[in-house]
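The structure appears below as structure tokens.
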Amino acid sequence: MTVYYFKDSRGNVGDDLNALILRHFFDFDKCSNASYTLVGIGTLINNHLPLSKEFIFFTTGYGYQKPPKFSDTSVSAIGLRGPMTLAKLRPFLKENEKNIPLLDGAYLTPDLIPKNTTPEPNRVGLIPHVDSMQIGRWEEIAKRGQFYLIDPRWEPSKFIDALTSCTAVITEAMHGAILADAYRVPWTGFAAHSHINTDKWHDWSESLSIPLQINSVSPVFKGDEGQPFTTRIKNIIKRTAQKTRLYNNNWTLPPVARSTNKDMERTLAELKQIAAREKYQLSDYAIVQEKLAHLRARIDEFNANKG
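Per the numbering used here, residue 4 is the first one in the sequence shown, and the count goes up by one each step.
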């Protein structure tokens, strides 16, 4: 058996759950000689999948790049993230789709990482996307606004402890919302940066009949923070040239300029307005439990037949 999932060198809690969940629910040693590829949690169903004669998807999702063609390939699923993913795979599935639960596997996390913290009164968590943490001034936004910053690059146990210490969270990271939902921490989504893929969010939310609302928030940027002096000068020249005909399209794009104090205050005001409205969400607990039961049954079935 080949196990396939994404590992971000920066750390990304949604991806890093795979090492815990897959190892807990599947016997890798027992399946070591099997010829199929088990694909884990994440937006991985695309034309970058490794070559394999048989794919078995474990609550995997679609959302980036082109869908794979699956020529001469057997395709089945223990579970899928949501209805959009199911629609993309429908022409290739060798089994009855009614047997496939639609649920992100991160909902199994409480089985492995118990809730060890008690919510701090009025503590609102802020969870930017992992890419947003790289390019944005979110640590400073959280400090100014007295939000509790939860970094999606943290390892899962630390992330869960921080998450469950909050009375609610405002999250740009989809797995921030999914894990909040799994631990019953009220959440609301936001999108500040252009790399946020809202199709993924809808794929997941529709699997649980959540009437999703994603708040639009102005982005904030670090700009040249931490760059050598010569690099900062080059970037200033490039950004200036972008406004003229002097810009060379062969140049490496400079980062967006550092957000001004006015920019920061605008973003902070938007986040405070979201927090003040208190329109946080949670899925229907009964639906989650029903789907979890279905997913666990599918795992048991897989282990009995394939393991």
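Every residue, glycine too, gets a C-beta built ideally from N, C-alpha and C.
Item	Value
At which residues does the beta strand (DSSP E) containing I173 begin and terminate?	171 to 174
Going along the chain, which residues of its own chain have a beta-carbon closer than 7 Å to the beta-carbon of S79, five neighbours each way excluded?	I59, L96, K97, E98
Is E175 near I199, with beta carbons less than 8 Å apart?	yes
Whose C-beta lies closer than 7 Å to the C-beta of I290 among residues of the same chain, with five residues either side of it excluded?	L211, S212
Under the three-state reduction of DSSP, which class applies to W190: helix, strand or coil?	strand
For the segment 182 to 190 against the segment 277 to 288, are there 3 or more C-beta pairs whose distance is under 8 Å?	yes
So what's A195 in DSSP terms, helix, strand or just coil?	coil
Cα separation between K309 and K56?	15 Å
Between which residues of its own chain and M267 is the CB-CB distance below 8 Å, once the five residues before and five after are set aside?	R140, E143, I144, R147, V223
Quick test of your reading: L182 and L166, contact by CB under 8 Å. State the CB separation rounded to the nearest angstrom.	6 Å
Go through its chain and collect everything with a Cβ distance to L111's Cβ below 6 Å, but skip five positions before and after it.	I24
Taking 8 Å as the threshold, find out whether the segment 81 to 90 comes into contact with the segment 101 to 110 through three or more Cβ pairs.	yes
How big is the Cα-Cα spacing for N218 and S160?	27 Å
Looking only at DSSP bridge pairs, what is G139 linked to?	G139 is not bridged to any residue.
Just checking, does the segment 34 to 44 make contact with the segment 128 to 135 on the three C-beta pairs under 8 Å criterion?	no
Select from I236, D164, W157, R235 the residue whose C-alpha is nearest the C-alpha of D19.	W157
Which residues bound the alpha helix (DSSP H) around S160?	159 to 167
Quick one: grab the DSSP three-state call for A37.	coil
Buried or exposed for P307, going by 16 or more other Cβ atoms inside 10 Å?	Note on residue identity: the sequence assigns Ala, not Pro, to residue 307. Exposed.
Under DSSP, the alpha helix (DSSP H) around L256 begins and ends at which residues?	Looking at the DSSP string, L256 is not in any alpha helix (DSSP H), and its letter there is neither H nor E.
Which one of P257, H27, H178, L115 has the shortest CA to CA distance from T63?	H178
Could you please give me the residues that DSSP links to S221 through a beta bridge?	DSSP, once it has assigned bridges, lists no residue as partnering S221.
Would W204 be called buried (16 or more neighbouring beta carbons within 10 Å of its own) or exposed?	buried
From what residue to what residue does the alpha helix (DSSP H) around S210 run?	201 to 210
Hey, could you find the ends of the beta strand (DSSP E) F150 is sitting in?	Note, F150: premise wrong, no beta strand (DSSP E); not H, not E.
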